[in-house]
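Student: Listed in order, the protein sequences are those of chains A and B. Under the working numbering, the first sequence has 109 at position 109, and the numbering climbs by one with no breaks. Count along the second sequence from 1, then add 1000; that gives the number in the working numbering. Glycine included, C-beta positions come from ideal geometry on N, C-alpha and C. None of the values given here were measured: they were computed from a predicted structure.
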Amino acid sequence: MTALAISVKDLSKKYETGFAVSHANFEVPLGTICGFVGPNGAGKTTTIRMLLGLITPTGGTAEVLGESITHPEKYLSRVGAMIEGPAFYPALSGEENLKVLATLGGYPIERVSKLIETVGLAGRGGSKYKTYSLGMKQRLGIAAALLPEPKVLVLDEPTNGLDPEGIQEVRDLLKKLASGGTTVFVSSHLLSELELISEYIVMLRKGEVVFAGSMQDLLMKQQPVILVKTESSADLIKIVEIAHADGHRATIRSEVAHIEGPAEWAGTLNKKAFEAGILLTQLSPQLPNLEETFFEMTGDRS
Amino acid sequence: MIRVIFAEWRKLRRPTLFFGTLGAALFFTGLTTTFLYLMIDSEQGNSDRGRRVGREVLNLAGGSVYGFASVGGLLGIIALCVFAAQTSQEYTYGTLRNLLVRQPGRLRILMGKLIAMKFFALILVVITAIVSVSLSVALSDRAKVTTDLWFTSDGFHEIGKTFLNVTISVIYYGIVGMILGLLLRSPISAISIGVLWILIIENLLGAVKPVFLDWMPGSQLTTIAQGGSADISYLHALTLGTSYVIVGAIVAAFLFVRRDVAN
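(1) So, at 6 Å on beta carbons, what are the nonlocal neighbours of G1155 (chain B) in its own chain, with the 5 sequence-adjacent residues on each side left out?
(2) By the DSSP assignment, the alpha helix (DSSP H) with H1236 (chain B) in it spans what residues?
(3) Using alpha carbons as the reference points, say which of B:I1123, B:W1197, B:Q1226 lies closest to I1159 (chain B).
(4) Can you tell me which of the three DSSP states F19 (chain A) falls into?
(5) Ordered along the chain, which non-local residues of its own chain (more than five positions away) have a Cβ less than 8 Å from that of L1026 (chain B)?
(6) I'd like to know if I142 (chain A) contacts chain B, where contact means its C-beta is closer than 8 Å to some C-beta of that chain.
(7) Taking contact to mean at least 3 C-beta pairs separated by less than 8 Å, is the stretch 112 to 132 of chain A in contact with the stretch 81 to 97 of chain A?
(8) What's the gap between the Cα of T56 (chain A) and the Cα of F1256 (chain B)?
(9) Tell me where the alpha helix (DSSP H) around G1206 (chain B) begins and ends.
(10) Would you say R1010 (chain B) lies against chain E (beta-carbon separation less than 8 Å)?
(11) Taking buried to mean at least 16 other C-beta atoms within 10 Å of its own C-beta, is P150 (chain A) buried or exposed?
(12) Name the residue from A:L283, A:L51, A:E73, A:I259 whose alpha carbon lies nearest to the alpha carbon of N270 (chain A).
(13) Give me, in chain order, the residues of the same chain whose beta-carbon lies closer than 6 Å to that of G18 (chain A); leave out the 5 immediate sequence neighbours on both sides.
(14) For the stretch 86 to 118 of chain A, list every residue whose C-beta sits within 8 Å of some C-beta in chain B, in sequence order.
(15) Under 8 Å, CB to CB, which of the residues in the stretch 8 to 39 of chain A have a partner in chain B?
(16) If you pair each beta-carbon of the stretch 1061 to 1078 of chain B with each one of the stretch 66 to 74 of chain A, do three or more pairs fall below 8 Å?
(17) Anything in chain A within Cβ reach of P1104 (chain B), meaning under 8 Å, just list it in chain order.
(18) Straight-line CA distance for V1166 (chain B) to L1182 (chain B)?
(19) Just reading off the beta strand (DSSP E) that M1001 (chain B) is part of, what are its end residues?
(20) CA-CA distance, T1147 (chain B) and A1079 (chain B)?
(21) Using 8 Å as the limit for Cβ to Cβ distance, is G1181 (chain B) near chain A?
(22) Does the count of Cβ pairs from the stretch 1005 to 1020 of chain B and the stretch 1038 to 1056 of chain B closer than 8 Å reach three?
(23) Go through its chain and collect everything with a Cβ distance to G31 (chain A)'s Cβ below 8 Å, but skip five positions before and after it.
(24) Curious, which full-length beta strand (DSSP E) runs of at least 3 residues does the stretch 1124 to 1176 of chain B contain?
(25) Which residues in chain A have a C-beta closer than 8 Å to the C-beta of A1007 (chain B)? List them in chain order.
(26) Would you mind sorting I1246 (chain B) into buried or exposed? The rule is 16 or more other CB atoms within 10 Å of its CB.
(27) Checking contacts by CB at 8 Å: is Y1091 (chain B) closer than that to chain A?
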């Protein structure tokens, strides 16, 4: 049996206006990077808050590192978290802010300067937090989450406000932490980023889990797509007819035919188009990606 | 708990907060004590609300701390503002979630913060007491006040008693600020409602019907600092003031422990 970092069973949070999270079930194995995705208001932050003991569930149970979330004091010393962006005291320096948390958690103060360096804030640790850019605040938030040298790291939108270089640094850092045995539970709206680093995915929609499992299993659920362009747009209809004749679903979007089918069928299509006198200008099989799959499963293209 | 106290102290000791608060406290202490002596012969009075405090009072064993006792209420309001801001800003900055992730024992967080802030208030009271007594000694000659009884055993007893009363009053005011901070979760609301109530509403109610002041929380806390007044006995003020603070603290702590942290 795989050891679990997080296990959620039937977890719910109901407010007067309705369910923020409804009967959620998912598991996150130890030492993996798990992406936590869903449209705005899907219940991601509420779930994270319940896992961290900040809000009380109205139903169900959950465990973090084998301990029930009803006793967060039993596991929080091994958990690092950044929830809904970084939050610090503006009048204190970045370094002093971390020292407040290190003192509170009982961690060695010497760890602070090392972490400041790790997240790329060396030389700015002494500056007041209120003078930081959004990216710097984000880096400090990650440093705070790393203070306990966590077994489980929970990050809510960690790449918000970071430049491409910063995003890559965070990606590398998370990979490095996971390779060292840390479980990373990360929510982000940058699905392409999550696709690059996550082995597991939990997908929420309107408070309900619509998928929880390995990234591979998720992408396998979706049909690969072959994109086809023709010299004459009138020929696209003929291409769609050829696809239908072979039992593949096909639609035309923005003068491109989208045909659901395996990459190998692209050769057959090419031959049939040639025989029908259609000149193809593009024929590209595409594997499903997280973004497309996400839209498909959540029905949200906003 | 000790970790919470030290973490909170890191925030309280920052120079702008520490010296800013101390500066305000010293300003009011200096002003009150100076007026007490320099305006001793003024027709308009030399104490709060135009009261006249003559040489016959200041010559007594408790004369050295009369100014300090008078400023107790203002020191209390300063403490109220600091405690309220330090508590409620955890909500407005969103830092409460960080604290609770690192220390999930909510009562422990609350108690640790309170102890650290009490220590802060104690430093404030000690320094203002030293300054007020020193100013009183320095101005006594000019005001023709005799200091013979000030530093006798009775005099030291009065100094100790006043110091204790002002400390209790300032800490109670601070706890009221903390309660308001926890209930309102916004520094502006907590401070403005607290100060508005104590400085304006209580005085208006007292002007309409003086007996109201016998039951108002701010009036009790100020009376504790003064060691009792002509209208309210020290015991009444201490009992009622303590009751208000305990009930308020229990309600606020209960809500703090039970409430979801959603910001």
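Tutor: So, from the data block:
(1) Within the same chain, G1155 (chain B) has close Cβ partners A1061, L1149.
(2) 1234 to 1258
(3) B:Q1226
(4) strand
(5) Residues I1127, T1128, V1131 of the same chain have their beta carbon placed closer than 8 Å to that of L1026 (chain B), with the five preceding and five following residues left out of the count.
(6) no
(7) yes
(8) Computed Cα separation, rounded: 13 Å.
(9) 1202 to 1208
(10) Among the protein chains in the structure shown, which are A and B, there is no chain E.
(11) buried
(12) A:L283
(13) none
(14) A87, F88, Y89, P90, A91, L92, E96, K99, V100, L101, T103, L104, G105, G106
(15) none
(16) no
(17) G53, P72, E73, L76
(18) 24 Å
(19) Run containing M1001 (chain B): none; DSSP gives neither H nor E here.
(20) 31 Å
(21) No - not a single Cβ of chain A is within 8 Å of the one on G1181 (chain B).
(22) Judged by Cβ distances under 8 Å, the stretch 1005 to 1020 of chain B makes no contact with the stretch 1038 to 1056 of chain B, as fewer than three pairs qualify.
(23) A5, A178, G181, T182, T183
(24) none
(25) V100, L101, T103, L104
(26) exposed
(27) no
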